[in-house]
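**Student:** Following the UniProt record's numbering, the numbering of the sequence shown begins with 1 at its first residue and continues without gaps. Built from N, CA and C at the ideal position, the CB exists for glycine as well.
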Amino acid sequence: MHAHFEKLSDRQIKKARAHAKTIGAGLVLEKGPFHRTRIDLMRLNHFLSFADQPYFYQDVSYGTRTLKLDSGEQLIMPNVVRTVARSTMIAQYFRHCHEEGFEPLGRSTLFQILKVREASQRKSLQGLDNIAASGADGFDAFNKIVDDLEQSGSRPEWCEATRKELKEGKRYLKTEYRAHCRENESPCPDHCRRYALSDPQSSDFQASCNHEHCTQCHQCETLKNAMMSILSEIESPEISLYGNEQKEDLLYDAKQAQDMVLQWKAHILRAENQDQAKQNVLKSLQSDSILVLMDWAMKFNQMRYREKQAEWYGKRGISWHVSCIISKPEEGHDLEIVSYVHLLNSCAQDWYAVCAILTHLLTTVKAVRPYVNTAYLRSDGAGCYHNNNLIAAVSDIGKQVGIRVLRYDFSEPQFGKDVCDRIISPLKGALRRYCDEGHDILTASDMYQALQARQVKGTTAVVCEIDRSQSIKVDRISNFSAFHNFSYGADGVRISKAYEIGPGKLIPWSQLNVQGQGLIYVNEVSEQGFFAVTPRRMKLSVGGIQDSEKEAALFECKEPGCSSVFTTFDELQDHIHFGGHVSSLRENHESVYDRLRRDWALKFSTMSIDSRQKLPPSEQPPKSPSGVCKFEASGWTLQKPRGGGTRFSEKVKSYLTARFDVGTQTGRKSDPSQVATDMRTTRNADGSRKFSRDEWLTKGQVQSFFSRLSPISRKRGVTRAENVESDDEGDLLLHEEMACLIDEHRDKEVEDIFKEMGVMHPIMYDGYDNVSRPNKKDSQNSTSKH
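#1: Whole angstroms is fine: what's the gap from D288's alpha carbon to A498's?
#2: List the endpoints of the continuous alpha helix (DSSP H) containing I397.
#3: Take the Cβ of E238 as the centre, count every other Cβ of all protein chains shown within 10 Å, and call the residue buried at 16 or more, exposed below.
#4: Quick check: what's the CA-CA separation for M89 versus P54?
#5: Please state the DSSP three-state secondary structure of P78.
#6: Cα separation between F47 and Y93?
#7: From E248 to D147, what does the alpha carbon distance come to, in whole angstroms?
#8: Would you list the one or two residues that DSSP bridges to R494?
#9: Which residue or residues does DSSP assign as beta-bridge partners of C464?
#10: Classify I23: buried if its beta carbon has 16 or more other beta carbons within 10 angstroms, exposed otherwise.
#11: Within a Cβ cutoff of 7 Å, which residues of the same chain sit near V533, ignoring the five residues on either side of it in sequence?
#12: What does the alpha-carbon distance come out to for the pair G383 and H321?
#13: Helix or strand or just coil, what does DSSP make of D421?
#14: Going by CA-CA distance only, name the one from I131, I424, Q400 that's closest to Q263.
#15: Between which two residues does the beta strand (DSSP E) harbouring Y376 extend?
#16: Does DSSP put I131 in a helix, in a strand, or in coil?
#17: Have a look at S240, D467, R494 and flag the residue whose alpha-carbon is nearest the alpha-carbon of L406.
#18: Can you tell me where the beta strand (DSSP E) holding H342 begins and where it ends?
#19: D204 by DSSP, collapsed to three states: which one?
#20: Between the Cα of L166 and those of Q219, D350, P200, spot the shortest distance and give me the residue it belongs to.
#21: Are there 16 or more other CB atoms within 10 angstroms of the CB of F531, so buried, or fewer, so exposed?
#22: T22 lies in the alpha helix (DSSP H); which residues open and close that run?
#23: Report back the beta-carbon spacing between T162 and S229 to the nearest angstrom; my notes put them in contact at under 8 Å.
#24: Among W636, N684, R693, whose alpha-carbon lies nearest the alpha-carbon of S649?
#25: Among all the DSSP beta bridges, which residues are the ones paired with G317?
#26: Where does R708 sit, in a helix, a strand or coil, going by DSSP?
#27: Under the DSSP definition of a beta bridge, which residues are partnered with K690?
#28: By how many angstroms is the C-alpha of M294 removed from the C-alpha of I325?
#29: Just the Cα atoms here: how many angstroms apart are H19 and K7?
#30: Which same chain residues, not among the five before or five after V525, have their C-beta less than 6 Å away from its C-beta?
#31: Would you mind sorting R378 into buried or exposed? The rule is 16 or more other CB atoms within 10 Å of its CB.
#32: Can you tell me whether E233 is buried or exposed? The criterion is at least 16 other CB atoms within 10 Å of its CB, across all chains shown.
#33: Ignoring anything shorter than 4 residues, give me the alpha helix (DSSP H) runs that lie fully in the segment 217-303, in order along the chain.
#34: Are S654 and G663 close, meaning C-beta to C-beta below 8 Å?
#35: Report yes if the CB atom of E336 is closer than 8 Å to the CB atom of R537, and no otherwise.
#36: So R116 is in the alpha helix (DSSP H); what residue range does that whole segment cover?
What follows is the structure, encoded as structure tokens:
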């Protein structure tokens with residue numbers, strides 16, 4: 001019976017029968033998979049000692065990562081960012097082993113080790129906030145200055161402590177500082193929005209605080225002390241610099257870096273204050289009012305289902321404008337969102353086009369919802385929106401359409417990413433899918449058909465053209481760029497520099513002197529108007545879900561200082577755009593014992609729970625070294641109005657023009673950043689600097705100057721081409737005549753720059769009118785010498 005299995009004895013059979021009778025039938029023993037991993041521990045530890053260097057990783061002050069073991073156990077660790085790619089790290093390790101003569105582990109094994117040691121990969125980013133990016137550059141400049149001071153004799157302990165303080169200060173501005181600025185009233189002058197945004201020069205833009213500014217934030221003070229310490233260290237007599245010139249250069253760079261850091265800090269506070277305007281409007285919305293958010297999408301490039309190589313170049317962009325209407329229905333507390341897209345084949349994206357689109361939009365809303373009487377407007381600070389003419393024309397639009405505009409609030413420049421940007425992404429996805437299904441999208445009508453065939457929830461579109469037959473003239477408001485909030489009333493427009501900071505200044509309608517021929521309209525293309533759309537519902541929730549449901553929540557708000565969690569991704573997106581952020585330190589999220597501890601600390605202790613220090617009345621703030629601005633001055637975050645730029649000296653303009661000429665002649669156009677760097681190192685024949693520190697320019701200033709020269713160069717080049725004779729003899733004769741008019745100073749500038757660049761045989765022309773060529777004899781001599 002058991003012969004075909006294996007040879008069994010009688011005793012084994014009897015034992016098995018007895019086991020089955022008393023206990024039960026036996027089961028086949030299942031053997032689980034066992035993976036045998038053989039790794040030389042010595043070589044493993046050698047690689048880990050190399051990979052654990054701080055150079056390869058950067059810790060993140062927020063966020064966690066969950067590691068799952070083979071046994072099912074989960075480990076929670078702080079999130080870290082790997083600053084280099086895994087392949088680069090392994091390549092560097094192999095080079096290190098080659099230099100030491102050490103035999104490493106295999107490449108695949110090393111990749112598996114790095115895969116097990118999970119970390120986020122740092123990636124390049126585009127389209128960053130200019131002010132925030134400049135602030136980060138300021139911290140990098142400070143670190144470079146500290147490195148120079150360490151080489152010049154500064155104590156290593158001070159250098160290491162200063163680098164640590166700069167790193168903590170940068171992390172603080174990126175994370176916690178925004179949460180601190182959300183407080184309505186703060187006794188810390190670095191966090192109090194009313195104090196920081198009050199203009200000390202005008203009572204119209206001042207707001208009084210109901211508290212004393214008697215505390216100091218530990219993180220803010222640490223950052224200030226670090227920058228002050230660097231400036232003091234530069235002026236220290238113990239530092240052995242090359243000379244007074246290097247010392248002045250370091251002071252100049254340090255003050256520039258300090259200014260960039262302070263501008264970043266002020267930018268964050270202004271952004272949080274301007275965001276309160278949207279939050280307050282959403283809370284005050286009624287059934288007869290709407291909130292309009294507007295933004296121009298990036299021009300849509302033409303798409304073909306099958307595109308030839310010749311058609312890949314020179315595509316024409318299609319303009320489209322997105323407007324989101326947010327309203328509150330009569331029943332319930334939910335919000336309704338409808339997005340209106342205006343498609344235009346060709347359009348100048350100026351205030352006139354925005355005025356026409358806004359008129360058409362409000363007219364459409366009034367036709368669909370006759371009960372709507374008031375509207376609030378909000379957009380970013382682009383020139384087509386933040387415009388003197390548009391602000392004045394908005395009032396006439398409301399009167400003639402039947403929807404009165406109450407306010408127009410602007411977000412902080414480069415900080416206005418809002419609902420419109422959120423809806424543009426699925427719209428682009430719908431257009432790409434439509435093209436992938438065998439359709440070409442070459443005109444605004446094609447875009448309309450694509451959006452109608454692949455509808456995005458809560459979105460409708462129209463194809464239109466701007467009627468530019470009307471005109472409007474308005475008297476300008478002085479220093480208009482400094483104002484970001486406008487309230488419309490029967491007497492005029494009340495302007496403010498910051499939201500709810502001071503009563504504002506009233507500009508009567510008679511002072512604006514609006515002169516226009518009528519409304520600016522949009523002409524719809526026949527049979528391509530707005531198609532029917534179902535509004536998208538959204539719950540205006542401030543605190544997220546209840547505490548009892550937080551265990552099942554999958555989506556956490558990544559905003560620094562916010563403790564809200566949500567069960568769906570849509571709820572998270574709505575919270576980011578509308579719901580507002582809730583700090584985990586607020587009293588409604590604290591236990592009774594935490595409240596008792598907070599009250600006890602505020603009553604007797606000298607340090608509050610949020611790391612703010614209270615100064616005794618007799619103690620004075622530390623004195624700042626020369627050149628350091630006072631952070632606690634009222635209105636320190638106010639944005640400076642545009643205009644009144646610095647005029648360049650004739651020497652600077654001559655040098656920049658010569659650099660531009662050299663790039664045009666040789667085809668090796670000068671890089672603005674390199675030109676800005678060269679201006680700091682260029683010297684005269686006697687060894688002195690060609691430009692003083694007051695004449696140094698930034699990359700943006702050089703780029704702007706070159707952009708003004710470029711159209712002049714093209715225009716003058718066309719004029720020369722029309723006047724030049726076709727035969728070579730006439731061409732040479734004309735050049736010789738024009739060479740007599742070359743300006744000696746500019747000629748010398750170009751020659752000097754050519755010598756620095758090592759370029760031979762230049763075709764030099766002064767400005768854009770006069771051209772000269774070296775003769776054949778000089779050319780031969782130069783060639784033989786070379």
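**Tutor:** So, from the listed chains and residues:
#1: Walking along the sequence shown from the start, residue 288 turns up at place 288. Walking along the sequence shown from the start, residue 498 turns up at place 498. So the alpha carbons of these two residues sit roughly 27 Å apart.
#2: Locating residue 397 in the sequence shown gives position 397, counting from the first residue. I397 -> alpha helix (DSSP H) spans 388-401.
#3: As a working note, residue 238 is residue 238 in the sequence shown. Exposed, by the Cβ-count rule.
#4: Taking the first residue of the sequence shown as 1, we reach residue 89 at position 89. Taking the first residue of the sequence shown as 1, we reach residue 54 at position 54. Each residue's alpha carbon lies about 13 Å from the other.
#5: Sequence index remark: in the sequence shown, residue 78 carries index 78 (1-based). Reduced to three states, the DSSP call for P78 is strand.
#6: Walking along the sequence shown from the start, residue 47 turns up at place 47. Walking along the sequence shown from the start, residue 93 turns up at place 93. One Cα belongs to F47, the other to Y93, and the distance between them is close to 7 Å.
#7: One-based indexing of the sequence shown puts residue 248 at position 248. One-based indexing of the sequence shown puts residue 147 at position 147. If I take the Cα positions, the gap works out to 16 Å.
#8: Here residue 494 corresponds to residue number 494 of the sequence shown, with the count starting at 1. DSSP output for R494 lists S487, L506 as bridge partner(s).
#9: Position 464 of the sequence shown, counted from the start, is the residue given in the question as residue 464. BP columns for C464 point to E524.
#10: In the sequence shown, residue 23 corresponds to position 23, counting from 1. Result: exposed.
#11: Taking the sequence shown and counting its residues from 1, one reaches residue 533 at position 533. Cβ neighbours of V533 within its own chain (closer than 7 Å, five residues either side excluded): V338, G458, T459, T460.
#12: Taking the first residue of the sequence shown as 1, we reach residue 383 at position 383. Taking the first residue of the sequence shown as 1, we reach residue 321 at position 321. Roughly 15 Å separates the two Cα atoms.
#13: On the sequence shown, position 421 is the one that residue 421 refers to. If DSSP states are grouped into helix, strand and coil, D421 belongs with the helices.
#14: Within the sequence shown, residue 263 is the residue found at index 263, counting from 1. A check of alpha carbon separations from Q263 across I131, I424, Q400 identifies I131 as the nearest.
#15: As a first step, residue 376 is located in the sequence shown; it is residue number 376 there, counting from the start. It spans 374-379 - the beta strand (DSSP E) in which Y376 sits, taken as one unbroken run.
#16: Against the sequence shown, residue 131 aligns to sequence position 131. I131 falls in the helix class under three-state DSSP.
#17: For the purposes of this step, residue 406 is identified with residue 406 of the sequence shown, where counting begins at 1. Among S240, D467, R494, the Cα nearest to that of L406 belongs to R494.
#18: Counted from its first residue, the sequence shown places residue 342 at position 342. Where H342 is concerned, the enclosing beta strand (DSSP E) stretches over 334-344.
#19: Position 204 of the sequence shown holds residue 204. The answer is helix: DSSP assigns D204 an H, G or I state.
#20: The sequence position of residue 166 within the sequence shown is 166, counting from 1. Per the Cα distances, Q219.
#21: As a position in the sequence shown, residue 531 is number 531, starting the count at 1. Exposed, by the Cβ-count rule.
#22: Stepping through the sequence shown from its first residue, residue 22 is reached at position 22. 10-22 is the span of the alpha helix (DSSP H), which, as asked, contains T22.
#23: Counting from one through the sequence shown, the residue named residue 162 turns up at place 162. Counting from one through the sequence shown, the residue named residue 229 turns up at place 229. Correct: roughly 6 Å between the Cβ atoms.
#24: The sequence position of residue 649 within the sequence shown is 649, counting from 1. Measuring from the Cα of S649, the nearest candidate turns out to be R693.
#25: The residue you call residue 317 lines up with position 317 of the sequence shown. By DSSP's assignment, G317 forms a beta bridge with N301.
#26: Taking the sequence shown and counting its residues from 1, the one referred to as residue 708 is at position 708. Here R708 sits in helix by DSSP.
#27: Residue numbering aside, residue 690 sits at position 690 when the sequence shown is read from its first letter. Under the DSSP definition of a beta bridge, K690 lacks any partner.
#28: Locating residue 325 in the sequence shown gives position 325, where the first residue counts as 1. Locating residue 294 in the sequence shown gives position 294, where the first residue counts as 1. Their Cα atoms are separated by approximately 9 Å.
#29: Locating residue 19 in the sequence shown gives position 19, counting from the first residue. Locating residue 7 in the sequence shown gives position 7, counting from the first residue. Their Cα atoms are separated by approximately 19 Å.
#30: As a position in the sequence shown, residue 525 is number 525, starting the count at 1. Taking V525 as the centre and dropping the five residues before and after it, the same chain places the C-beta of V463 closer than 6 Å to its C-beta, in chain order.
#31: Against the sequence shown, residue 378 aligns to sequence position 378. Flag for R378 reads buried.
#32: For this step, residue 233 is matched to residue 233 along the sequence shown. Classification for E233: buried.
#33: 218-234, 244-284
#34: Translated into positions along the sequence shown, residue 654 becomes position 654. Translated into positions along the sequence shown, residue 663 becomes position 663. For S654 and G663, no; Cβs fall outside 8 Å.
#35: Mapped onto the sequence shown, residue 336 falls at position 336. Mapped onto the sequence shown, residue 537 falls at position 537. At a Cβ-Cβ threshold of 8 Å, E336 and R537 count as neighbours.
#36: Here residue 116 refers to the residue found at position 116 of the sequence shown. A small correction: the amino acid at residue 116 is Val; Arg does not occupy that position in the sequence shown. First-last of the alpha helix (DSSP H) with V116: 107-116.
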